[in-house]
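Asker: Have a look at the structure that comes next, please.
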Amino acid sequence: MQPTVDWRSQDFLKIFERYDRADFAQEFLRRNPRYRAAYRAGAASGRSRTALRRLARHWGLVFRR
0 MQPTVDWRSQ DFLKIFERYD RADFAQEFLR RNPRYRAAYR AGAASGRSRT
50 ALRRLARHWG LVFRR
């Protein structure tokens with residue numbers, strides 16, 4: 000994971016001013032060690048669609064078509 004900008008800097012504020020709910024949710028998951036471990040385990044094992052749907056449901060992910 001790449002280092003992030005200091006959250007107290009103006010640059011950090013500018014980045015997040017344009018975020019919507021989905022962007023904040025993605026940031027939360029990206030930084031959540033349990034989600035990252037679950038995703039990594041799923042990606043490494045070539046999970047089935049059913050297992051991936053279960054993972055998405057567990058974390059509240061919705062993919063619109």
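Each residue of the sequence shown is one higher than the last, beginning at 0 in the numbering used here.
Just so it is clear, CB atoms sit at the ideal spot from N, CA and C, and this is done for glycine as well.
Just so we're clear, the structure is a prediction, and the values are computed from it rather than from any experiment.
(1) Is residue 54 close to the ligand PLP? I mean its beta-carbon at under 7 Å from any heavy atom of the ligand.
(2) Starting from residue 19, trace the alpha helix (DSSP H) both ways and give me its first and last residue.
(3) Since residue 54 and residue 41 are thought to touch, with beta carbons under 8 Å apart, how far apart are those beta carbons, to the nearest angstrom?
(4) Apart from the five residues just before and just after residue 28, which ones in its own chain have a Cβ nearer than 6 Å to its Cβ?
(5) For residue 62, which residues of its own chain have a beta-carbon under 8 Å away from its beta-carbon, when the five flanking residues on both sides are left out?
Answerer: According to the structure data:
(1) For the structure depicted, the ligand PLP is absent and the ligand set is empty, with no information on it obtainable.
(2) For this step, residue 19 is matched to residue 20 along the sequence shown. Counted as a single uninterrupted DSSP element, the stretch harbouring residue 19 is not any alpha helix (DSSP H), since DSSP gives it neither H nor E.
(3) Within the sequence shown, numbered from 1, the residue matching residue 54 stands at position 55. Within the sequence shown, numbered from 1, the residue matching residue 41 stands at position 42. The pair is a contact, with the Cβ atoms about 6 Å apart (cut-off 8 Å).
(4) Within the sequence shown, the letter at position 29 stands for residue 28. The beta carbon of residue 28 lies closer than 6 Å to those of 34 in the same chain, with the five residues before and after it left out.
(5) To locate residue 62, count along the sequence shown from 1; it is residue 63. Counting only Cβ-Cβ distances below 8 Å, and skipping sequence neighbours, we find 55.
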